[in-house]
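In our numbering, the protein residues as written are 23 to 421.
Just so you know, even glycine gets a beta-carbon here, dropped at the ideal spot from N, CA and C.
Contents: one structure, followed by commentary.
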Amino acid sequence: MAKRMSADRTESLSIPGSNPHAADAQALKPDLPSRSATEYLTNIRWVTVCIVVAYHVCYIFNGVGILGSIPGSQSLPFFDTCAAAVYPWFMVLLFLVAGMDSFYALQKYSLRQWLKSRTIKLLLPSTAGLFVWQWITGYLTLRAAGTLETIPAGIRWLVMALSGTGPLWFVQTLYLYSLVLALLKKLGWIDRLQKACGAMRFWMVLLCGLLLYAAGFIGNLPVLTMYRLGIYGMAFVLGYCVFSHLSIQDKIEKNWKELAILAAALGIIWTADFYGKAFSDLAILENPLTVAYLWFACLAVLGIFKKFFNFQTAFTRRMAADSYGIYILHYSVLYAFGYLFVQILHLSVWWQYLLLLLLVYPATLAVYEILKRIPVIRLLVLGISSGKAAGQPAKHPAE
23 MAKRMSADRT ESLSIPGSNP HAADAQALKP DLPSRSATEY LTNIRWVTVC IVVAYHVCYI
83 FNGVGILGSI PGSQSLPFFD TCAAAVYPWF MVLLFLVAGM DSFYALQKYS LRQWLKSRTI
143 KLLLPSTAGL FVWQWITGYL TLRAAGTLET IPAGIRWLVM ALSGTGPLWF VQTLYLYSLV
203 LALLKKLGWI DRLQKACGAM RFWMVLLCGL LLYAAGFIGN LPVLTMYRLG IYGMAFVLGY
263 CVFSHLSIQD KIEKNWKELA ILAAALGIIW TADFYGKAFS DLAILENPLT VAYLWFACLA
323 VLGIFKKFFN FQTAFTRRMA ADSYGIYILH YSVLYAFGYL FVQILHLSVW WQYLLLLLLV
383 YPATLAVYEI LKRIPVIRLL VLGISSGKAA GQPAKHPAE
């Protein structure tokens, strides 16, 4: 029987080739990389989570295009620009890497083991966790907007919980993709496609951006614009089928300079063109320039990290272990601080940004360290099963 999936990535995403007798290892033998060849993916994940946190700091005070979520807040153009510049690509990158990790995990663990782990790690925090912890964000959001008391008392907790979803839309969507992937794997379609993609040339990989562009017109929810099921689903599939191949990763690494230059140029053009506009509107997100920028930005990050950040240290291992907890908890923590700074203390705009950027990371880690030691809470909020040690870190949602 394949050994139990661990919450620590150093165990859960050990390279499949290290266990040739895993229950789900099929006859299909792709070019699986060694553990040392994929350490850069771990670094991409925790660095991207840090970018997500910094983005949300900028977002809650944002003053152009998309107005900040705290009424009465002020913004600074520099931080508004930073928020707009990263918005098109950082979540696409997380879904792409999630697809790669899903392929590697399914070479070592059985489909049932993997799906059970996804249910604990993804479904519980993004559903039950809303009522246990994330309602705090909903409460603060509704209170800041002045609409809390207008909600009937009988459904107030439900409304607060749903309003507190925040960044957990990513976790919910990733679980949906995991279910679809499980079905496709049962049918045998996805692995045949993955094997065929291994022969792709570099120019073919570049053209995969057209698939993202086409998928961007599909599955966009009308009000909840963060649920772009088409483009994020395509990124997940590309990660699983295309970028899981070591040969393709090597091609991207070889061309990292050209990809970085092109991504930077497109980023400057995109930011100059769309700054001050509502960059989450579908009209902008479906624009060919937006898709070109996000695609080459993702490729550039993959190439740069594989070239220069394919290593682990004590610091990177700790960040990787804590990154899921940071992702799950950060928005409630930073919104609480933001509400305090804006609506109670009335700090100047510079102090709002500075203090929030300084406090959100250690404060979120402190909350995480507390919650992961409370048995039922750590299961429902962080997806850490009660049978595991209290000090064991939760796995990142992209794994």
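Going by DSSP, Asn65 is part of the alpha helix (DSSP H) stretching over Glu61 to Phe83. In this structure, Ala319 sits near Trp111, with a CB-CB distance shorter than 7 Å. Contact between the segment 345–352 and the segment 385–401 is present: three or more C-beta pairs spanning the two stretches fall below 8 Å.
When beta bridges are read from the DSSP output, Asn242 appears opposite Arg250. In this structure, the CA atom of Ser266 is about 40 Å from the CA atom of Leu180.
In the DSSP assignment, Asp303 falls outside any alpha helix (DSSP H) and carries neither an H nor an E. Under the three-state reduction of DSSP, Ala105 is assigned to helix. Ranking Met113, Arg165 and Leu198 by CA distance to the CA of Leu362 puts Arg165 first.
Cα atoms of Ser185 and Leu402: separation of roughly 18 Å, rounded to the nearest angstrom. Counting the other Cβ atoms within 10 Å of the Cβ of Gly168 gives fewer than 16, which makes it exposed. Secondary structure at Pro189: helix, using DSSP grouped into helix, strand and coil.
Closest by C-alpha distance to Ala183, out of Ile73, Thr163 and Ala236, is Thr163.
Apart from the 5 residues on each side of it in sequence, Tyr235 sits with its Cβ closer than 6 Å to the Cβ of Val313 in its chain, given in chain order.
In the three-state DSSP reduction, Ser97 falls in the coil class, being neither helix nor strand.
Pairwise C-beta distances place the segment 278–293 out of contact with the segment 143–160, as fewer than three of them are shorter than 8 Å. With 16 or more other Cβ atoms inside 10 Å of its own Cβ, Val75 counts as buried. Sequence-distant partners of Val264 (beyond 5 residues in either direction) whose C-beta falls short of 7 Å from its own C-beta, in its chain, are Cys219, Met222, Val227, Cys230 and Ile270. Per DSSP, Arg223 is not a residue of any alpha helix (DSSP H), being assigned neither H nor E.
Ranked by how close their Cα comes to the Cα of Trp157, the residues Ala120, Leu190 and Lys276 have Leu190 in first place.
Look at Ile92 here: in three-state DSSP terms it is coil, with no helix or strand label. For Ser407, the three-state secondary structure derived from DSSP is coil.
Residues Phe224 of the same chain have their beta carbon placed closer than 6 Å to that of Lys273, with the five preceding and five following residues left out of the count.
In this model, Tyr315 and Leu98 are separated by some 24 Å (Cα to Cα). The C-alpha of Leu367 is placed about 59 Å away from the C-alpha of Arg214. In this structure, DSSP gives Trp111 a state outside helix and strand, which the three-state scheme calls coil.
The C-beta of Ala175 has fewer than 16 other C-beta atoms within 10 Å across all chains shown, which makes the residue exposed.
Ala204 is positioned such that its CB atom lies no closer than 7 Å to that of Leu251.
Sequence-distant Cβ neighbours of Phe333 in its own chain, meaning closer than 7 Å and more than five residues away, are Glu61. Nearest in C-alpha terms to Ile66, of all of Thr103, Val398, Leu128 and Asp123, is Asp123.
Collapsing the DSSP output to three states places Tyr131 in coil. The three-state reading of DSSP puts Val86 in coil, since its state is none of H, G, I, E or B. Per DSSP, the continuous alpha helix (DSSP H) segment holding Thr149 begins and ends at Leu146 to Gly151.
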